[in-house]
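S.K.: Chains as they are written, first to last, in our numbering: chain A, 314 to 482; chain B, 314 to 482; chain C, 314 to 482. Ideal placement from N, C-alpha and C gives every residue a C-beta, glycine not left out.
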């Protein structure tokens with residue numbers, strides 16, 4: 314299989330995950346699903362379960378809230394990987410007070426060396442009013458910069474709106 | 314007149330209503346304006362009045378905060394209808410604690426059987442930071458899913474940004 | 314040099330300023346940078362400094378939080394001007410309780426008479442959940458209307474998402 318990196322960006326419930334799954338399923342299984350959400354929270358567990366019911370056999374789920382580089386290194390060679398989502402990963406590393414810039418640099422370096430069909434789902438969170446609290450503003454800034462950096466190394470970038478794709482790259 | 318369903322989506326003050334009105338006015342009057350806003354609130358009354366002054370003779374206004382299916386059934390056969398807006402309708406049924414999923418299913422079934430020029434205005438609300446409160450998050454989720462479902466059955470989907478249209482379907 | 318007005322719109326950290334700078338630098342220097350941010354606040358000062366380090370020699374910075382018309386009138390004839398950003402300017406005049414509609418009318422009249430390469434950066438802030446507080450809602454409304462008005466008189470309108478341009482006009 315050819316190396317090909319797609320970034321699927323969009324808002325809440327815009328059809329990002331489905332668009333990403335379709336891209337992955339165009340390849341032969343096994344399909345690796347890297348879930349970055351920690352399912353401790355009930356609302357989040359419900360979302361993850363919902364995503365899971367939509368996925369067919371052929372999927373192998375791997376939960377990895379922090380180390381996406383390791384998740385990519387550990388996935389079977391050449392197998393298509395879906396990372397869902399970059400935004401939750403960023404939130405995890407910020408809340409755990411890891412080195413955000415360092416972790417982002419490390420991830421980007423790994424993506425530049427991508428050797429498989431890889432689809433990354435990410436939220437666009439910067440199109441509302443500036444948030445009141447400083448942490449949310451910092452998160453929004455990091456998320457925007459990270460999306461730019463992933464878009465720069467991606468082969469394809471798609472923005473989802475109301476379930477419809479808009480090709481950006 | 315031919316059956317044709319357009320979804321005009323966009324952010325606050327992005328020119329959605331004007332784009333929708335132009336589409337409707339390409340047909341012969343009478344034009345039916347289905348206003349979903351309840352005008353109890355002063356700020357909202359001002360907005361509705363503003364929209365009203367922009368509209369010419371030839372418009373018939375019908376206020377319907379809850380039952381869009383009935384509003385569509387009651388409109389003169391074949392007359393073009395503008396629904397402004399789907400987002401306010403969703404907000405109304407959520408605040409009144411109606412059965413959201415049931416009401417959305419019923420609306421989508423009616424749209425699938427659409428038999429007139431019909432333009433639906435809806436807000437995209439999912440491109441900001443995740444809201445703090447759970448009701449806003451639920452609303453955002455329902456709004457995103459509803460936009461996807463209407464977009465799926467629509468013949469045309471347009472996103473407005475700064476008064477300019479971006480064709481999505 | 315030819316008169317040409319570009320509006321670069323987008324969310325937080327979407328690559329707006331860089332896209333704007335690239336457009337300006339396609340012309341011969343000096344390049345006039347009109348910064349509308351007041352640097353009293355530490356977070357803002359940091360952002361302005363960051364932008365400054367990215368800019369080469371050839372730039373002349375002019376800080377003007379309120380009177381963009383004067384800033385444009387005072388800039389050397391024909392020199393390319395970058396205004397960064399319209400949204401911060403709007404915020405400044407609202408917080409200072411100037412006449413928002415009057416100031417916007419005056420700015421638009423000046424832009425209609427534009428006689429130079431001019432790039433205006435502006436935030437799209439209307440694609441999130443309706444804000445709780447009335448001032449933020451008013452700001453969002455004014456910002457949306459102002460973006461529409463500038464887009465209408467602009468020769469080119471570009472929306473940035475994840476550092477990638479989407480041509481709207």
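(1) Could you have a look at residue 431 of chain B and say whether DSSP puts it in helix, strand or coil?
(2) Give the DSSP-derived three-state secondary structure of residue 324 of chain A in the structure shown.
(3) Using DSSP bridges, identify the partner residues of residue 478 of chain B.
(4) Would you report the Cα separation of residue 432 of chain B and residue 332 of chain B, rounded to the nearest angstrom?
(5) Contact defined as beta carbons within less than 8 Å: I believe residue 463 of chain A pairs with residue 399 of chain A. What is the distance between those atoms, to the nearest angstrom?
(6) In this structure, does DSSP put residue 376 of chain A in helix, strand or coil?
(7) What are the residues of the segment 447-470 of chain A that lie near chain C, defined by any Cβ-Cβ distance shorter than 7 Å?
(8) Pairs of beta-carbons, one from the segment 406-424 of chain B and one from the segment 464-477 of chain A, closer than 8 Å: are there three or more?
(9) Pairs of beta-carbons, one from the segment 332-348 of chain B and one from the segment 368-375 of chain B, closer than 8 Å: are there three or more?
(10) What does the Cβ neighbour count give for residue 446 of chain B, buried or exposed, with the cut at 16 atoms within 10 Å?
(11) Taking the beta carbon of residue 315 of chain B as the centre, do at least 16 other beta carbons fall within 10 Å, making it buried, or is it exposed?
(12) Give the residues of chain A in contact with residue 442 of chain C, contact being defined as C-beta atoms less than 8 Å apart.
(13) Taking the continuous alpha helix (DSSP H) assigned at residue 442 of chain B, which residues delimit it?
(14) Give the DSSP bridge partners of residue 319 of chain A, in chain order.
(15) Measure the Cβ-Cβ separation of residue 430 of chain C and residue 337 of chain C and say whether it is below 8 Å.
(16) Measuring only the C-alpha atoms, how far is residue 325 of chain C from residue 349 of chain B?
(17) Could you tell me the alpha carbon to alpha carbon distance between residue 330 of chain B and residue 451 of chain A, rounded to whole angstroms?
(18) If you reduce the DSSP assignment to three classes, tell me which class residue 369 of chain B lands in.
(19) Just how far apart, CA to CA, sit residue 411 of chain C and residue 403 of chain C?
(20) Starting from the C-beta of residue 377 of chain C, find all residues in its chain whose C-beta is less than 8 Å away, skip the five residues before and the five after it, and write them out in chain order.
(21) Around the Cβ of residue 409 of chain B, are there at least 16 other Cβ atoms within 10 angstroms (buried) or fewer (exposed)?
(22) Between the alpha carbons of residue 321 of chain A and residue 469 of chain A, how many angstroms are there, rounded?
(23) What in chain A is Cβ-close to residue 482 of chain B, meaning under 8 Å?
(24) Report all residues from its chain with a CB closer than 7 Å to the CB of residue 453 of chain B; omit the five preceding and five following residues, and keep chain order.
(25) I'd like to know whether the C-beta of residue 333 of chain B is nearer than 8 Å to at least one C-beta of chain C.
(26) Beta-carbon of residue 437 of chain C versus every beta-carbon of chain B: anything under 8 Å?
(27) Please list the terminal residues of the continuous beta strand (DSSP E) segment that includes residue 348 of chain A.
(28) Kindly list, in the order they appear in chain B, the residues whose Cβ is closer than 8 Å to that of residue 322 of chain C.
(29) Please classify residue 397 of chain A: does DSSP put it in a helix, a strand, or coil?
(30) Quick check on residue 415 of chain C: does DSSP put it in helix, strand or coil?
(31) Residue 325 of chain A versus chain B: which residues are under 7 Å apart at the beta carbon?
(32) From B:335, B:386, B:428, pick the residue whose C-alpha is nearest to that of residue 367 of chain B; which is it?
(33) Is DSSP giving residue 390 of chain C helix, strand or coil here?
(34) List the residues of chain B that residue 328 of chain A touches, going by C-beta distances under 8 Å, in chain order.
(35) CB residue 379 of chain C to CB residue 401 of chain C, shorter than 8 Å?
M.R.: For this structure:
(1) Residue state, collapsed to three classes: strand.
(2) For residue 324 of chain A, the secondary structure class from DSSP, reduced to helix, strand or coil, is coil.
(3) As a beta-bridge residue in DSSP terms, residue 478 of chain B pairs with B:473.
(4) Cα to Cα, residue 432 of chain B sits roughly 10 Å from residue 332 of chain B.
(5) Distance from residue 463 of chain A to residue 399 of chain A at the Cβ level is roughly 7 Å; contact confirmed, criterion being Cβ atoms closer than 8 Å.
(6) In the structure shown, residue 376 of chain A sits in a strand (DSSP, three-state: E or B).
(7) For the segment 447-470 of chain A, which is checked against every Cβ of chain C, the residues closer than 7 Å are 453, 454, 457, 458, 460, 461, 464, 465, 470.
(8) Output reads no: the segment 464-477 of chain A does not touch the segment 406-424 of chain B.
(9) Because the criterion of three Cβ pairs below 8 Å is met, the segment 332-348 of chain B and the segment 368-375 of chain B touch.
(10) Residue 446 of chain B is exposed by the Cβ-count criterion.
(11) That one is exposed.
(12) The answer, in chain order, is 441.
(13) Unbroken run through residue 442 of chain B: none, as it is neither H nor E.
(14) According to DSSP, residue 319 of chain A bridges with A:432, A:469.
(15) Against a cut-off of 8 Å, the Cβ pair of residue 337 of chain C and residue 430 of chain C comes out as a contact.
(16) The C-alpha of residue 325 of chain C lies about 32 Å from the C-alpha of residue 349 of chain B.
(17) Taking the Cα positions, residue 330 of chain B is about 34 Å away from residue 451 of chain A.
(18) Coil at residue 369 of chain B, not helix or strand.
(19) Each residue's Cα considered, the two are about 10 Å apart.
(20) Excluding residues within five positions, the ones whose Cβ falls inside 8 Å are 347, 348, 349, 383, 384.
(21) Per the 10 Å Cβ criterion, exposed.
(22) Looking at the two C-alpha atoms, the distance is approximately 8 Å.
(23) Using a Cβ-Cβ cut-off of 8 Å, residue 482 of chain B is close to 477 of chain A, given in chain order.
(24) Excluding positions up to five away in sequence, the list reads 438, 439, 444.
(25) With 8 Å as the cut-off, residue 333 of chain B does not count as an interface residue toward chain C.
(26) At a cut-off of 8 Å between beta-carbon atoms, residue 437 of chain C makes contact with chain B.
(27) Per DSSP, residue 348 of chain A belongs to the beta strand (DSSP E) from 344-348.
(28) The CB of residue 322 of chain C comes closer than 8 Å to the CB of 474, 475 in chain B, given here in chain order.
(29) Reduced to three states, the DSSP call for residue 397 of chain A is strand.
(30) Here residue 415 of chain C sits in helix by DSSP.
(31) Chain B residues near residue 325 of chain A: 439, 453, 454, 457.
(32) Of B:335, B:386, B:428, the smallest CA-CA separation from residue 367 of chain B is found for B:335.
(33) Coil, per DSSP.
(34) Taking a Cβ-Cβ threshold of 8 Å, the residues of chain B close to residue 328 of chain A are 461, in chain order.
(35) Not a contact, by the Cβ cut-off of 8 Å.
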